[in-house]
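Here the structure comes first, spelled out in structure tokens, and everything after it is commentary.
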Ligand code: PMV
């Protein structure tokens with residue numbers, strides 16, 4: 009049997025503007041994972057490749073899934089990359105990452121599947137290749153993805169990312185703790201990206217200006233995260249949130265959690281991911297992560313997490 013996993017992720021700074029060529033910073037969430045296990049089928053059961061993903065009610069042979077089904081796509085893309093015929097396999101997929109929350113559940117499943125399948129067939133693909141395959145599948149979910157989700161998840165490292173330059177693996181200096189609050193409202197990534205695009209087409213100069221301001225925040229945040237004692241990361245989160253409000257991708261559920269975190273003493277807070285639902289993040293003062301989490305739960309968060317990174 010072959011096992012493979014991939015983490016969730018959260019975007020710290022720069023969502024949406026990254027679709028328009030500006031930088032963004034994202035970190036993996038190693039405690040939340042998509043997992044696949046793969047077994048070779050033998051005997052009468054061996055009739056092709058069977059996929060079971062009980063979290064989303066899938067139990068089917070590969071050819072029974074719709075041609076644009078993301079599970080089918082990543083398996084077929086991986087087999088094409090390996091120049092392999094469809095093998096006789098049983099694949100189980102499971103994920104702890106809440107779906108449509110902005111934590112990269114779709115990309116994590118794609119990465120785990122491409123990684124597991126290529127390993128099982130004796131030709132493990134590089135992180136870079138796995139990321140590229142997952143990117144092709146992301147296009148089904150998003151339309152015009154920037155590529156940051158598949159990148160941070162495939163490399164499982166913090167990344168400073170631009171579409172043009174690709175990922176710069178990012179080593180945070182000092183410890184970083186981030187509290188994550190999930191509104192429980194599904195975040196429609198494709199819809200949010202489309203709304204921003206339509207508004208950008210109507211008001212290109214205004215939107216380019218906002219994207220530039222977000223890009224400047226991301227560059228400052230990068231230096232702050234690299235050298236401790238640099239700019240105030242919490243304040244940069246608040247500034248990024250103000251610009252995300254101007255892009256109209258926040259919503260009342262996100263605002264309620266962001267206010268609750270700030271009222272409880274968070275140094276800064278913002279939505280994370282596409283917005284219109286999904287998750288928000290907050291920077292807790294030292295030792296106050298649990299306090300911020302309980303304030304988010306009281307304000308209606310359906311789930312909270314504390315993500316910790318040690319230098
Ligand atoms: O909601 P998520 O986690 O899929 O994040 C989307 C991030 C965007 O910048 C809005 C889109 C993208 O492709 O980068």
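In our numbering, the protein residues as written are 9 to 319.
Just so you know, even glycine gets a beta-carbon here, dropped at the ideal spot from N, CA and C.
| Check | Outcome |
| --- | --- |
| Return the chain-ordered ranges of every alpha helix (DSSP H) run that is complete within the segment 79–131 and spans a minimum of 4 residues. | 113–128 |
| Within the same chain, show all residues whose beta-carbon is closer than 6 angstroms to that of residue 256, passing over the 5 residues directly before and after it, in chain order. | none |
| Pull up the CB-CB distance for residue 161 and residue 14, whole angstroms please, since I reckon it's below 8 angstroms. | 5 angstroms |
| Counting only runs of 4+ residues fully inside the segment 135–192, write out the alpha helix (DSSP H) ranges in chain order. | 135–150 and 156–163 |
| Going by other Cβ atoms of all chains shown within 10 Å of its Cβ, with 16 needed for buried, is residue 342 buried or exposed? | Residue 342 lies beyond the range of the chain shown here (9 to 319); nothing can be said about it. |
| Could you give the DSSP three-state label for residue 318: helix, strand or coil? | coil |
| Here's the rule: buried if 16 or more other CB atoms are within 10 angstroms of the residue's CB, otherwise exposed. What is residue 17? | buried |
| Taking Cβ to Cβ, would you say residue 59 is nearer than 7 angstroms to residue 99? | yes |
| What do you get for residue 39, buried or exposed, if any count of 16 or more other CB atoms within 10 angstroms of its CB means buried? | exposed |
| Return yes when the Cβ of residue 189 is within less than 7 angstroms of the Cβ of residue 25, no when it is not. | no |
| Need the endpoints of the beta strand (DSSP E) that residue 57 sits in, please. | 57–61 |
| Mind checking whether residue 113 and residue 103 have CB atoms under 7 angstroms apart? | yes |
| Does the ligand MG have even one heavy atom less than 6 angstroms from the beta-carbon of residue 156? | Among the ligands in the structure shown, the ligand MG does not appear; only the ligand PMV can be found there. |
| Does the beta carbon of residue 195 fall short of 6 angstroms from some heavy atom of the ligand PMV? | yes |
| Quick one, are the C-beta atoms of residue 326 and residue 12 less than 7 angstroms apart? | No information on residue 326 is available, as it lies outside the stretch 9 to 319 that the chain covers here. |
| Hey, would you say residue 268 sits closer than 7 angstroms to residue 234, going by beta carbons? | no |
| Keeping to the same chain, check which residues put their C-beta closer than 6 angstroms to that of residue 278; ignore five residues upstream and five downstream. | 245, 248 and 249 |
| Using only the alpha-carbon positions, how far apart do residue 149 and residue 253 sit? | 23 angstroms |
| From this set, 105, 27, 280 and 49, which residue's C-alpha is nearest residue 64's C-alpha? | 105 |
| If you follow the alpha helix (DSSP H) that residue 263 is part of, which residue opens it and which one closes it? | 260–271 |
| Just verifying my parser: in three-state terms, what is the DSSP assignment at residue 291? | strand |
| Do residue 262 and residue 307 count as a contact pair if the criterion is CB distance below 7 angstroms? | no |
| Does the separation of the CB atoms of residue 286 and residue 109 fall below 7 angstroms? | yes |
| Inspect the CB distances between the segment 165–177 and the segment 22–36 and report whether three or more fall short of 8 angstroms. | yes |
| By how many angstroms is the C-alpha of residue 49 removed from the C-alpha of residue 97? | 5 angstroms |
| Starting from the C-beta of residue 219, find all residues in its chain whose C-beta is less than 7 angstroms away, skip the five residues before and the five after it, and write them out in chain order. | 25, 28 and 30 |
| Please check the pair residue 46 and residue 86, which I expect to be a contact at CB under 8 angstroms, by giving their CB distance rounded to whole angstroms. | The pair is not a contact, with the Cβ atoms about 11 angstroms apart (cut-off 8 angstroms). |
| Give me, in chain order, the residues of the same chain whose beta-carbon lies closer than 7 angstroms to that of residue 201; leave out the 5 immediate sequence neighbours on both sides. | 27, 150, 151, 152 and 282 |
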